[in-house]
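Reviewing the structure listed below.
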Amino acid sequence: MKTSQHIAISGASGFVGTALGKHLTQCGHHIIPITREILQKKNSALEKVLSHCDTVINLAGAPINHRWSKSYKQQLYDSRILVTRKLIEATNHSSQVKTFISTSAVGYYPSGDCYDEFSGHKGNGFLSDLCQYWENEASKLSCEKRLAITRFGIVLAAQGGAFEQMIRTVPTGITTVIGNGKQPFSWIDIVDLCRAFEFILDSSQLSGTINLTSPQRLTQGEFMNIVGKHYRTFLTVHIPAFVFKLQMGEAASFLLNGQCVKPTRLLQSGFTFSSPDLESFLKRISMTNL
10 MKTSQHIAIS GASGFVGTAL GKHLTQCGHH IIPITREILQ KKNSALEKVL SHCDTVINLA
70 GAPINHRWSK SYKQQLYDSR ILVTRKLIEA TNHSSQVKTF ISTSAVGYYP SGDCYDEFSG
130 HKGNGFLSDL CQYWENEASK LSCEKRLAIT RFGIVLAAQG GAFEQMIRTV PTGITTVIGN
190 GKQPFSWIDI VDLCRAFEFI LDSSQLSGTI NLTSPQRLTQ GEFMNIVGKH YRTFLTVHIP
250 AFVFKLQMGE AASFLLNGQC VKPTRLLQSG FTFSSPDLES FLKRISMTNL
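So for the sequence shown, the numbering used here puts the first residue at 10; every next one is plus one.
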């Protein structure tokens with residue numbers, strides 16, 4: 010029988026945090042949101058919250074899909090690194106917390122080849138550096154506690170998030186491809202992401218870097234081709250790369266480059282995906298919407 014835990018979550022009100030909190034509650038765990046108000050107070054307030062918790066899950070971070078001005082880059086940094094630093098300091102002072110699960114992203118990897126947790130390759134540029142700083146901060150956790158760093162692919166759900174944006178033109182019979190569509194597209198069903206967190210919680214020996222992506226490898230063009238067939242669209246339109254560069258500046262690299270990432274450690278540990286491929290995800294959300 011699984012043991013019920015008290016789990017503190019930063020970013021609990023966000024897109025992923027809301028779904029994860031609901032899932033873990035259904036699994037019998039007790040969720041304690043770490044609010045911005047708590048994070049803005051002195052460390053003693055946060056330490057008081059964590060004194061009742063077994064696990065901390067760190068999901069805090071401003072959205073990446075925004076033009077990266079100098080001020081917004083600072084916001085991306087502060088919302089990740091500074092928040093993680095504060096959480097780690099409080100966790101290290103807690104005798105109750107045994108596990109810390111921190112978030113990162115597949116943007117850590119280069120965009121050339123296909124990588125897993127054992128590849129040892131880091132990409133270049135702002136997003137990769139941001140992920141490295143983020144992970145380095147989490148790595149300051151006391152060695153007496155368990156640390157898992159989860160690198161997210163693009164999280165897909167029937168409502169909200171990236172998928173809702175990607176299929177905006179589907180009702181008109183049109184699917185859109187970003188640039189030439191050859192950039193890798195690593196994604197995960199939000200249901201599998203929540204199940205993966207549950208799996209990590211239950212696997213006391215599982216620590217270190219863990220990729221949260223579907224095992225299926227697709228380019229963005231292939232992804233949209235499958236979406237088009239599922240929704241029976243009749244036209245695919247390629248939106249030129251320069252349009253995204255004009256609109257988003259440096260942040261367009263997030264959409265135009267992409268990373269091919271494999272979830273090797275999850276698979277080796279015995280995790281099974283409910284949506285191992287895009288067809289499974291599309292079938293699931295179609296049945297949900299019936």
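Yeah, the Cβ is synthetic: ideal placement off N, Cα and C, and Gly gets one too. Predicted model, so just to flag it, every value in this text is computed and none were measured.
- Contact check for Ala260 against His38 fails: the beta carbons are separated by 8 Å or more.
- For Ser137, the enclosing alpha helix (DSSP H) starts and ends at 135-147.
- DSSP lists Ala157 as the bridge partner or partners of Gly217.
- Beta bridge pairing from DSSP links Phe109 with Val65, Leu156.
- The way I'd put it, the region 41-51 doesn't touch the region 171-189; fewer than three beta-carbon pairs between them come closer than 8 Å.
- Per DSSP, reduced to three states, the secondary structure at Tyr124 is strand.
- The criterion of a C-beta distance shorter than 8 Å is not satisfied by Val58 and Ala28.
- Closest option to Thr112, judged by alpha-carbon separation, among Arg204, Ile90, Asn133: Ile90.
- At least 8 Å separates the beta-carbon of Gln229 from that of Tyr118.
- According to the DSSP assignment, Thr185 belongs to the beta strand (DSSP E) that extends over 183-187.
- Counting C-beta pairs with one atom in each stretch, the region 220-237 and the region 180-196 have three or more that are closer than 8 Å, which means they touch.
- Beta-bridge analysis with DSSP links Pro193 to Thr228.
- For Phe24, same chain residues with a beta-carbon under 6 Å away, outside a window of 5 residues either side, are Gly169, Gly170 in chain order.
- DSSP, reduced to helix, strand and coil, places Ala21 outside both helices and strands of the structure shown, so it counts as coil.
- In the DSSP assignment, Asp87 forms no beta bridge with any residue.
- Counting along the chain, the unbroken beta strand (DSSP E) around Thr245 starts and ends at 244-248.
- Beta-bridge pairing by DSSP links Pro42 to Ile18.
- In the DSSP assignment, the residues bridged to Val270 are Tyr124.
- For Leu150, there is no enclosing beta strand (DSSP E), as DSSP gives it neither H nor E.
- In this structure, Ser120 keeps its C-beta atom at 8 Å or more from the C-beta atom of Pro224.
- Spatial neighbours of Gln84 in its own chain (CB-CB distance under 8 Å, excluding positions within 5 residues in sequence) are listed in chain order as Ala71.
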